[in-house]
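**Q** Starting off with a structure, shown below.
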Amino acid sequence: MDATFLEKIKSDYPSIRIIRGKRFAFRPPRTVVYEEDGPSLLFLHEMGHALIGRFDFRTEVERLKIEALAWEKARELCSLYRVEVDEELIETELDSYRDWLHQKSRCPDCGLTRFQTPDGAFHCPRCDV
Ligand SMILES: [Zn+2]
Ligand SMILES: [Zn+2]
């Protein structure tokens, strides 16, 4: 990532702790980890997480909403800092998230897709009766 861009972000958002690491991540409440050679877009996505200030979720639906909000924020930041929005990269990221979600909701006993109640617990329509 461009050093000037990084410094600019750091000085624009002094309340967010921005540190270098092995992979992009947002650590609530205000730490963003960036990969030195990673794409700026993914960095801005993690910044989005830090800026929307919502990181509490019980269900995967809530989590998906937060992901969408972070991408929305990332798009705003992209136009602000003139970073190109790579739609393909965003799709890839969302796809891997959806795959992961699909895996996670699969019932380990029968393979059906389970649903989550507001307390966060998964229920299988076939096995949990
Ligand atoms: Zn995210
Ligand atoms: Zn089942």
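All you need for our numbering is the position in the sequence shown, starting with 1, plus 9.
Glycine is no exception: its CB is placed at the ideal position from the N, C-alpha and C atoms.
All of these numbers come straight from a predicted model, not from anything done at the bench.
(1) Under 7 Å from any heavy atom of ligand 1, does the C-beta of ALA130 make it?
(2) State buried or exposed for ALA140, treating a residue as buried only when at least 16 other CB atoms are found within 10 Å of its CB.
(3) According to the Cβ coordinates, are ILE28 and VAL42 closer than 8 Å?
(4) What is the C-beta distance between GLN112 and THR68, in whole angstroms, given that I count them as a contact (C-beta under 8 Å)?
(5) In terms of residue numbering, what span does the beta strand (DSSP E) encompassing ARG36 cover?
(6) Flag this pair as yes or no: are the beta carbons of GLU81 and TYR106 separated by less than 8 Å?
(7) Provide the residue span of the beta strand (DSSP E) that contains TYR22, from first to last.
(8) Assuming GLY57 contacts ALA83 under a Cβ cut-off of 8 Å, what Cβ separation, rounded to an integer in Å, is found between them?
(9) So is the beta-carbon of HIS54 under 7 Å away from any non-hydrogen atom of ligand 1?
(10) Beta-carbon distances below 6 Å to any heavy atom of ligand 2 define the shell here; list its residues in chain order, please.
**A** Quick answer:
(1) It does not: the Cβ of ALA130 is nowhere closer than 7 Å to a heavy atom of ligand 1.
(2) With the chain running from 10 to 138 in the structure shown, residue 140 is simply not present.
(3) yes
(4) No, GLN112 and THR68 are not in contact; Cβ-Cβ is about 16 Å, not under 8 Å.
(5) 34-36
(6) no
(7) Where TYR22 is concerned, there is no enclosing beta strand (DSSP E), given that its DSSP letter is neither H nor E.
(8) 4 Å
(9) yes
(10) CYS116, ASP118, CYS119, LEU121, CYS133, ARG135, CYS136
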